[in-house]
Structures are given as structure tokens and as C-alpha cells.
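Each residue of the sequence shown is one higher than the one before, starting from -1 at the first, in the numbering used here.
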Amino acid sequence: MKNRGTHINLKGFAIGNGLTDPLIQYAAYTDYAMEQNLINKTIYDQINQTVPACETLIESCGTLGEKKVCEEAFFKCTNIFQEILFISNHSNPYDITKPCQGLLCYNMSNVEKYLNQQKVREALGVGAIQFVSCSQIVYNAMIQDWMRNYDVGIPALLEQGINVLIYAGEFDFICNWLGNSRWVHAMKWLGQKDFGIAPNVSFTVDGEVKGTLKSHGPLSFLKVSDAGHMVPMDQPKAALVMLQRWMQGKLTSTA
């Protein structure tokens, strides 16, 4: 019984504009950039020549790779992403339709003010620790884990009936919808084939189309229209309705 670990009464989880399977998602950068006319065919072919080296390092990192290899994969593969942004003259990796303003391209001051209130810190049990939107300490620690494959545990959860929602804003570049869609479709689980042939349907809110939804069994993928990396910020009502329907088990029936 000890080896089984702690039972968690998990009913479902959602990943919004996430980096889950770097091997697939980093290879999708050039395709997304071409689709959005950020680069031309010459640049596309040029950058794609660097993708195999990136993929090799990601595979070496794997799920439990050594710190040094995983960090090398991070720096090598990040060049693909950064080169596209530089060539296309786009400074906001979180939304290709908007300029980058501030350290994180968004004004996060209200978040910091809220989380640093004493009553909020007490409720969270974090003591006197001050919240910052971008911590270099946390960032440096994450680099060694950045390129690991995190979809490895999802198939087992799906096959246990745990509901999984993957969503992404259509204008996010850094964790774009195309790469997310590809890893979701490539994920091996008992429902993979049926999910692959499931139809794309419109996700509507108050009669307006707010995205494209694909579902089978416990797995749903939603591409959110007119949104970047910060889906709830760009489409607050659609994001709220999405979560409400999903938590009520009505996401597919009321799309």
C-alpha cells in the first residue's frame, strides 16, 4: 500500500497554452510561423535545418534526462523560437497581434498587488514571501526541466476516466495552438484513433463563435479565437464559459 502513494480524488485538469511535449511543439514553430505569414519559405527552410539537432537533444533529455543535457536542449531549441521572432520583427511571443509592453509584455502590477496583500499571503500560507511576476531564481531552476516530456502520465489518467481539457489561444506563438494540437493528437491512449477522427465543432458563447472544439471521451481540445497566451485576459467571458461548461460536463453538448 505504501508504494501506491496518496490517493487524490482528481476529477479532471486543464492545461492552457502549455508546453507539454517539447519534441513535438518546438518542431511546430516554423509551421505556425509560416501559417501566420511571420516568415517566408526561404527562412522556413533555413530554420528547419536546425530542428533535427534540437529534436536530438530533446530526446536525450527525455523524461528523466541529466540536467546538463536538458539545459543544452533548452538553449539550442530556444534559438529556433528567438530567430523567428527576430526575423519577423515581432516582440510579443504571447500574442503576434500585439506589441510587447513591459518586462513580460503585459502589465502584471495588479496581480502582484493582489497576491502581496497580507490577507492573501496568509490565506495561501506563504508567510512573508513577496510574489513577483518574473523570478530569475525560479526561471533558472526551471531551465533543467523545460525540455522534459510531460505528457507521459496523461494517457493513464484518460483511461481512468479523468477529464482533460487542453486549450490554446490562436495568436499565441510561444505555446501555439498548432504544437498543442499536434501533441494531443500524437498522444498514445486507447481513445487516440477515435479522437483523431472526431469532428471539429464551433465553440459558441451567446451565439458567437469563440473557438473550435474537438472532443472524444474524457479528452477535449479547444482552439480559442482572438486570444493569445493569456486566454482569460483576452477572452474573459469565453474563458469563463469554457471552464464552467467543462466542469459541469457540458462542454461538448453546448458547443
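Even for Gly, the Cβ is constructed at its ideal location relative to N, Cα and C.
Close Cβ partners of residue i (< 6 Å) along its chain, the five nearest in sequence each way excluded
i: M32; result: Y42
i: A253; result: Its pLDDT being 49, under 50, A253 is placed unreliably by the model, and the measurement read from it follows with that caveat. If we look at A253 and ignore the five residues flanking it on each side, its Cβ neighbours are V199, F201 and L211.
Spatially closest choice to residue i from the options, by CA coordinates
i: Q44; options: Q115, E57, T28 and N35; result: T28
i: H214; options: N114, V67, G159 and G177; result: G159
i: L83; options: A71, F72 and P97; result: P97
i: M140; options: V49, K66 and P91; result: K66
i: E53; options: T40, N35, A25 and K39; result: A25
i: F169; options: P91, N46 and A236; result: P91
i: G205; options: Q115, H227 and V239; result: V239
i: G14; options: C75, M245, K221 and S131; result: K221
i: A51; options: N35, C75 and E69; result: C75
Sequence-distant residues of its chain with Cβ nearer than 7 Å to residue i (five each side left out)
i: E157; result: W187 and L188
i: T61; result: R146, N147 and V150
i: L17; result: Q23 and C173
i: M(-1); result: Any reading at M(-1) must be qualified, since the residue scores a pLDDT of 38, below 50, and its modelled position is unreliable; no value is offered.
First and last residue of the uninterrupted beta strand (DSSP E) at residue i
i: V129; result: Going by the sequence as given, residue 129 is Phe instead of Val. Where F129 is concerned, there is no enclosing beta strand (DSSP E), given that its DSSP letter is neither H nor E.
Counterpart residues of residue i in DSSP-defined beta bridges
i: I6; result: Paired residues: none, contrary to the question.
i: F79; result: Partner(s): none; F79 has no beta bridge.
i: A12; result: L163
i: V222; result: G167 and G209
Range of the contiguous alpha helix (DSSP H) that encloses residue i
i: I41; result: K39 to N46
i: I22; result: P20 to Q23
i: E33; result: Y27 to E33
i: E110; result: S107 to L113
i: D93; result: From DSSP, D93 is part of no alpha helix (DSSP H); its letter is neither H nor E.
i: E120; result: Q116 to L122
i: L238; result: P234 to M245
i: E57; result: V49 to C59
Close beta carbons around residue i, own chain, < 8 Å, minus the five adjacent residues each side
i: E57; result: L21
i: P197; result: K212
i: L176; result: A26, D29, Y30 and E33
i: V8; result: The sequence given here has Leu at residue 8, not Val. The residues are L155 and I160.
i: G125; result: R119
Residue i CB to nearest heavy atom of the ligand COA below 7 Å
i: V150; result: As for the ligand COA, it is missing from this structure, which has no ligand bound.
Contact with chain C by residue i, beta-carbon distance below 8 Å
i: V67; result: Here chain C cannot be found, since the structure has a single protein chain.
Query raised in the report: Which parts of the segment 132 to 220 are runs of the beta strand (DSSP E), unbroken and 3 residues or longer, counting only runs that do not cross its ends?
Result: Secondary structure within the segment 132 to 220: the beta strand (DSSP E) runs of 3 or more consecutive residues, fully enclosed, are 161 to 167, 199 to 203 and 206 to 214 (chain order).
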